[in-house]
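Undergrad: Using the working numbering, the first residue of the sequence shown is number -13, and each one after it goes up by one. Ideal Cβ positions, reconstructed from N, Cα and C, are used throughout, including at glycine.
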Amino acid sequence: MKDTNAPDFYTGSPVDADDLRFREAFLDELWETLATKHALLTAPRRTGKTSVMDHLKHCPRNGFSVVSLNVQDLSHPADFFQTIFDTFLDHHPNYFRDRIAAGWGLVTGALGKIAEVGAGGFKIALRESDPNWRDNWRQHGTQFLQQIRGHDQRVLLVIDELPDMLLNLRREEEGEKLLREFLAWWRSQRQEPHPKNDVVRWLIGGSVNLAGTLDSLGMVDHINDLEDVALPPLTEAHVIEFVHEMLIARDVKFDGSLPTRMLERLGRPIPLFMQMATQELYRRWKRRPDGGDTVNPPLTAEDVDLVFDDLVKSSAAQDKLQHYYSRIARYYTEPRLSAAYELLNKISLTPDGLSRDVLFQEFDRVIQQAGLKLPDHQRKREFNGMLRDLENDFYVAEIAENQYDFASGVLKSWWKKYYA
Ligand SMILES: Nc1ncnc2c1ncn2[C@@H]1O[C@H](COP(=O)(O)OP(=O)(O)O)[C@@H](O)[C@H]1O
Ligand SMILES: [Mg+2]
């Protein structure tokens, strides 16, 4: 039976601010950074970035008003600003109308037409407010920041999934030029005034290693003013606490082998899989015949194994795991792309991962098969770069000195089953 006070399971959507746990210390650190700096928060999908960003919005500190948006599907700076203005109006209607829009014809005109245009009105009216938005994005963006800077109110702009937008932008006509111009404009706006003296603050996030993406385009200097903040992985203690709390609140009986086995199967815990597996354990318990403790012995490590084996095959987990597979093809470039797939295949077949030397030999083999002739030092550099990418993107972890294994146990089992 579910205790009415039992915390909910979240198996995909961001965790509500009121339910967010294990992030207190990180939120303190993030707010402290944002007091004086612009920041960059990147971590793979399903690790809890958006949940943290939502918390910033719902429980703002230090006098900030927070505007947060997901820009994954946008592909032009003009869309970017239109979406920011629209979201700003949604989140802080009075402030936006009375202060930001004040004396700014482009925006007041569009506000006046909302009723006329109907649903989705502001964005449409905004788009129509300047037939040359696409050429004038810089002017409108600059004006926007000036409008904010005309007041004392601090404004934190949270931009989620930015790397995706930058990749979309690059696919536009003359995309590389556009990307470079946009990043250069933005950087200059972040530097002048210095963030310490600015009421505008940016927090940029995404599931793709932004530095890696821009590095391959030679544009990494455009974002090196941002303070890198890493979302810490959940610890073993967090996992244990989570399992205990969620199961005990639901009157599930389990023995001491269960939480330990959970830790083993999860590996470096991807929070989503921790939630899904714990929820499945609870469902398993509920499906048992209702006959009291004599009929229902406590759940054990064996139940954990069954749940994980099912999880790897479940359709609920498929698309989430598929993302980890596909993003390599989308974001890695050759020779790292092919080598990464081959190396992960190899690692997935081992019980305890592979040594750095073996991985390098394997990398060499892939390069040669592809007919690539790279000088020694460059092969080494590409290999090191690839391994670093795989570590940063949470595919692998150095589990002992010079020994690499999948970071996530769930991903490892899945990879082995479907790809190795
Ligand atoms: N602090 C947390 N505690 C427990 N589970 C979490 C936590 N943060 C995230 N999750 C799990 O991860 C899932 C995805 O969270 P989300 O914030 O959308 O991640 P991201 O933005 O990195 O993709 C949630 O549905 C939930 O299952
Ligand atoms: Mg997210």
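Out of S202, D40, S174 and F(-5), state which residue places its alpha-carbon closest to the alpha-carbon of Y318.
TA: By one-based count along the sequence shown, residue 318 stands at place 332. Looking at the Cα atoms, S202 is the closest of the given residues.
Undergrad: Can you give me the Cβ contacts of P0 inside the same chain, cut-off strictly under 6 Å, excluding the 5 residues immediately before and after it?
TA: Taking the first residue of the sequence shown as position 1, residue 0 is located at position 14. Cβ within range, chain order: T36, S37 and D40.
Undergrad: Counting Cβ pairs closer than 8 Å, one from the segment 26 to 35 and one from the segment 181 to 194, do we hit at least three?
TA: Because the criterion of three Cβ pairs below 8 Å is met, the segment 26 to 35 and the segment 181 to 194 touch.
Undergrad: Excluding the five sequence neighbours on either side, which residues of its own chain have a C-beta within less than 7 Å of the C-beta of L329, listed in chain order?
TA: Position 343 of the sequence shown, counting from 1, holds the residue named residue 329. Excluding residues within five positions, the ones whose Cβ falls inside 7 Å are L345, E348 and F349.
Undergrad: With a threshold of 16 other CB atoms inside 10 Å of the CB of G339, please say whether the residue is buried or exposed.
TA: Residue mapping note: residue 339 aligns to position 353 of the sequence shown, counting from 1. With 16 or more other Cβ atoms within 10 Å, it is buried.
Undergrad: Give a yes or no on whether the C-beta atoms belonging to G161 and L153 are separated by under 7 Å.
TA: Residue numbering aside, residue 161 sits at position 175 when the sequence shown is read from its first letter. Residue numbering aside, residue 153 sits at position 167 when the sequence shown is read from its first letter. Cβ distance not < 7 Å, so G161 and L153 don't count as in contact.
Undergrad: Exposed or buried, T221, counting other C-beta atoms within 10 Å across all chains shown (16 or more means buried)?
TA: In the sequence shown, residue 221 corresponds to position 235, counting from 1. T221 should be labelled exposed.
Undergrad: Check whether the Cβ of P245 sits closer than 6 Å to any heavy atom of ligand 1, and report yes or no.
TA: In the sequence shown, the residue the question calls residue 245 occupies position 259. Answer for P245: no, Cβ out of range of ligand 1.
Undergrad: Can the beta-carbon of R274 be found closer than 7 Å to that of A(-8)?
TA: Translated into the one-based positions of the sequence shown, residue 274 becomes position 288. Translated into the one-based positions of the sequence shown, residue -8 becomes position 6. No, they are not a contact pair.
Undergrad: Is F8 helix, strand or coil by DSSP?
TA: Taking the first residue of the sequence shown as position 1, residue 8 is located at position 22. Correct three-state label for F8: coil.
Undergrad: Anyone know if the C-beta pair for Y(-4) and Q308 falls short of 7 Å?
TA: Walking along the sequence shown from the start, residue -4 turns up at place 10. Walking along the sequence shown from the start, residue 308 turns up at place 322. No, they are not a contact pair.
Undergrad: CB E250 to CB V293, shorter than 7 Å?
TA: Taking the sequence shown and counting its residues from 1, one reaches residue 250 at position 264. Taking the sequence shown and counting its residues from 1, one reaches residue 293 at position 307. Cβ atoms of E250 and V293: not closer than 7 Å.
Undergrad: So for G89, helix, strand or coil by DSSP?
TA: As a first step, residue 89 is located in the sequence shown; it is residue number 103 there, counting from the start. Of the three classes helix, strand and coil, the one that applies to G89 here is coil, per DSSP.
Undergrad: What residue range is occupied by the uninterrupted beta strand (DSSP E) comprising E384?
TA: As a working mapping, residue 384 is identified with position 398 in the sequence shown. Counting along the chain, the beta strand (DSSP E) containing E384 begins and ends at V382 to A386.
Undergrad: Please find out if some non-hydrogen atom of ligand 2 comes closer than 6 Å to the beta-carbon of T336.
TA: Within the sequence shown, numbered from 1, the residue matching residue 336 stands at position 350. Not under cutoff, so the answer is no.
Undergrad: Is it buried or exposed for K9, if we count other Cβ within 10 angstroms and need 16 for buried?
TA: What you label residue 9 is simply residue 23 of the sequence shown in a count that begins at 1. Sequence check: residue 9 is Arg here, not Lys. Its Cβ being crowded by 16 or more others within 10 Å, R9 is buried.
Undergrad: So which residues put a beta carbon under 7 Å from any heavy atom of ligand 2, going in chain order?
TA: Checking every Cβ against the heavy atoms of ligand 2 under 7 Å gives P0, R31, K35, T36, D146, E147 and S193.
Undergrad: Using a Cβ-Cβ cutoff of less than 7 Å, which residues in the same chain neighbour I110 once the five nearest sequence positions on both sides are dropped?
TA: For the purposes of this step, residue 110 is taken as the residue at position 124 of the sequence shown. If we look at I110 and ignore the five residues flanking it on each side, its Cβ neighbours are V103.
Undergrad: Which residues in the same chain have their Cβ closer than 6 Å to the Cβ of I86, if we skip the five residues on either side of it in sequence?
TA: Sequence index remark: in the sequence shown, residue 86 carries index 100 (1-based). Cβ within range, chain order: Q133.
Undergrad: My assumption, with CB atoms under 8 Å, is that I70 sits in contact with L92. Please give the rounded CB distance.
TA: Locating residue 70 in the sequence shown gives position 84, counting from the first residue. Locating residue 92 in the sequence shown gives position 106, counting from the first residue. No, I70 and L92 are not in contact; Cβ-Cβ is about 14 Å, not under 8 Å.
Undergrad: Below 6 Å, is the gap between the Cβ of Q261 and the nearest heavy atom of ligand 3?
TA: Ligand 3 is not among the ligands present in this structure, which contains only ligand 1 and ligand 2.
Undergrad: Does the Cβ of S312 have 16 or more other Cβ atoms within 10 Å, making it buried, or fewer, making it exposed?
TA: Start at 1 with the first residue of the sequence shown, and residue 312 comes out as number 326. With fewer than 16 other Cβ atoms within 10 Å, it is exposed.
Undergrad: Using only the alpha-carbon positions, how far apart do G242 and L297 sit?
TA: Residue numbering aside, residue 242 sits at position 256 when the sequence shown is read from its first letter. Residue numbering aside, residue 297 sits at position 311 when the sequence shown is read from its first letter. Distance between the alpha carbons of G242 and L297: 22 Å.
Undergrad: What distance in whole Å lies between the Cβ atoms of L376 and E368, which are believed to be in contact at a cut-off of 8 Å?
TA: Counted from its first residue, the sequence shown places residue 368 at position 382. Counted from its first residue, the sequence shown places residue 376 at position 390. That belief does not hold up - the Cβ atoms of E368 and L376 are roughly 13 Å apart, past 8 Å.
Undergrad: Among N183, R254 and E147, which one has its Cα closest to the Cα of A383?
TA: Residue numbering aside, residue 383 sits at position 397 when the sequence shown is read from its first letter. Its Cα nearest to that of A383, the residue R254 stands out among N183, R254 and E147.
Undergrad: Distance check for M151 and R124, CA to CA, integer angstroms please.
TA: Against the sequence shown, residue 124 aligns to sequence position 138. Against the sequence shown, residue 151 aligns to sequence position 165. Distance between the alpha carbons of R124 and M151: 17 Å.
Undergrad: Please state whether the Cβ-Cβ distance between L425 and Q175 is less than 7 Å.
TA: This structure leaves residue 425 out entirely; the chain is present only between -13 and 406.
Undergrad: Would you kindly work out how many angstroms separate the C-alpha atoms of H137 and D184, rounded to a whole number?
TA: Within the sequence shown, residue 137 is the residue found at index 151, counting from 1. Within the sequence shown, residue 184 is the residue found at index 198, counting from 1. For H137 and D184, the distance between alpha carbons rounds to 10 Å.
Undergrad: Got a sec: does ligand 1 put a non-hydrogen atom nearer than 6 Å to the Cβ of L397?
TA: Working through the sequence shown from its first residue, we reach residue 397 at position 411. Flag unset: Cβ of L397 not near ligand 1.
Undergrad: If the criterion is Cβ atoms closer than 7 Å, does the pair V229 and P219 meet it?
TA: Working through the sequence shown from its first residue, we reach residue 229 at position 243. Working through the sequence shown from its first residue, we reach residue 219 at position 233. It is not a contact, given that the beta carbons lie outside the stated cut-off.
Undergrad: At which residues does the beta strand (DSSP E) containing A25 begin and terminate?
TA: Taking the sequence shown and counting its residues from 1, one reaches residue 25 at position 39. Start and end: A25 to T28.
Undergrad: Between the Cα of Q364 and those of Y390, K332, F392 and P321, spot the shortest distance and give me the residue it belongs to.
TA: In the sequence shown, residue 364 corresponds to position 378, counting from 1. Here the closest residue by C-alpha is P321.
Undergrad: If I follow the unbroken beta strand (DSSP E) through F50, where does it start and stop?
TA: For this step, residue 50 is matched to residue 64 along the sequence shown. Element bounds for F50: F50 to N56.
Undergrad: Where in the segment 96 to 149 do unbroken runs of the alpha helix (DSSP H), each at least 4 residues long, occur, reported from the N-terminal end onward?
TA: Within the segment 96 to 149, the complete alpha helix (DSSP H) runs of at least 4 residues are 100 to 103, 107 to 115 and 119 to 135.
Undergrad: Just the Cα atoms here: how many angstroms apart are L165 and D207?
TA: Sequence index remark: in the sequence shown, residue 165 carries index 179 (1-based). Sequence index remark: in the sequence shown, residue 207 carries index 221 (1-based). L165 and D207 have their C-alpha atoms roughly 13 Å apart.
Undergrad: Between which residues of its own chain and M(-13) is the CB-CB distance below 7 Å, once the five residues before and five after are set aside?
TA: As a working note, residue -13 is residue 1 in the sequence shown. Residue confidence is low: M(-13) scores 47 on pLDDT, short of 50, so the model does not pin down where it sits. No coordinate-derived value is stated.
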